[in-house]
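Keeping their order, the protein sequence lines are chains V and L. The first sequence begins at 6 in this note's numbering and counts up one residue at a time. The second sequence begins at 3 in this note's numbering and counts up one residue at a time. Idealized CB from N, CA, C, for every residue including glycine. Computed from a predicted model, the values in this text were never measured in an experiment.
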Amino acid sequence: NAGVTQTPKFRILKIGQSMTLQCTQDMNHNYMYWYRQDPGMGLKLIYYSVGAGITDKGEVPNGYNVSRSTTEDFPLRLELAAPSQTSVYFCASSSSSSYNEQFFGPGTRLTVL
Amino acid sequence: SQKIEQNSEALNIQEGKTATLTCNYTNYSPAYLQWYRQDPGRGPVFLLLIRENEKEKRKERLKVTFDTTLKQSLFHITASQPADSATYLCALEANSGYSTLTFGKGTMLLVSP
């Protein structure tokens, strides 16, 4: 049982480049989330999904896109990378109950130069 | 909008003492509150959840209180150990629903031998 896995661990992008951050969970969780964490700041919700085919914006969605074609996978797409998107990105998942804990992946450290 | 405050200054304590971390919130009445631990370079790990109708919750050396009148949660670690050194995040059920959380910035705890 791997839990939540993320790839890549590290990535450096040039301004204007695009990339997809991968996230996979093997716990059959319906809910999945993408957060970004800047130094000294809390986690900010980018997008979330309550099931395959259903996604919604979080607090800071601008510059990002997501899709959820399967229960297991929830990729995050950056279309035109900007320096403001330099951050650590965490994917998380939880079961359907509102009270359940979120399980986090190890994170992807992204630098945009 | 809802606001969560955690002490931004690191808390330094000696091994064996009780560590007490504070989480204050405004402009919202969450149905529950969660605490997470985050080690450097890793994703947060769930510790405890407390519901609005619960005054206190315990798990081994951890204790959480939830005062909905003061809009405050206290997180205690008794008999603290150097291995408890980490950043502790408070998270509240977000008022957007769908099992999303709003996280505080976290408080770093340093336990010295």
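For the options L:46, L:108 and L:84, the alpha carbon positioned closest to that of residue 76 (chain L) is the one of L:108.
Only exposed fits residue 56 (chain V), as fewer than 16 other CB atoms lie within 10 angstroms of its CB. Cβ neighbours of residue 89 (chain L) within its own chain (closer than 6 angstroms, five residues either side excluded): 40, 108 and 110.
Residue pairing by DSSP puts residue 21 (chain L) in a beta bridge opposite L:79. According to the DSSP assignment, residue 37 (chain V) belongs to the beta strand (DSSP E) that extends over 36-42. Distance from the CA atom of residue 112 (chain V) to the CA atom of residue 51 (chain L), rounded to whole angstroms, is 23 angstroms.
By the C-beta criterion, the segment 19-33 of chain V is judged to be in contact with the segment 72-80 of chain V, since at least 3 inter-stretch pairs fall below 8 angstroms.
Within chain V, the residues placing a beta-carbon under 9 angstroms from that of residue 44 (chain L) are 109, 111 and 112, ordered along the chain. Secondary structure of residue 31 (chain V) (DSSP, three-state): coil. For residue 86 (chain V) and residue 34 (chain L), the gap between their C-alpha atoms comes out near 36 angstroms.
Contacts with chain V at 8 angstroms (Cβ-Cβ) include residue 36 (chain L).
The continuous stretches of beta strand (DSSP E) do not include residue 91 (chain V), and DSSP gives it neither H nor E.
For residue 61 (chain V), the uninterrupted beta strand (DSSP E) run begins and ends at 59-62, by DSSP. Between residue 74 (chain V) and residue 32 (chain V), the CB-CB gap reaches or exceeds 8 angstroms. Between residue 11 (chain L) and residue 26 (chain L), the C-beta spacing is not below 8 angstroms. Taking 7 angstroms as the upper bound on Cβ-Cβ separation, chain V lies near residues 101, 102, 103, 105, 106, 107 and 108 of the segment 101-112 of chain L. By the Cβ neighbour-count rule, residue 42 (chain L) is exposed, with fewer than 16 other Cβ atoms within 10 Å of its own.
Annotation: Cβ neighbours of residue 45 (chain V) in chain L (cutoff 7 angstroms, chain order): 107.
When the five nearest sequence neighbours on each side are left out, the beta carbons in the same chain lying within less than 7 angstroms of the beta carbon of residue 66 (chain V) are those of 51 and 52, in order along the chain. Across the set L:86, L:15, L:79 and L:49, the C-alpha of L:49 shows the shortest separation from the C-alpha of residue 93 (chain L).
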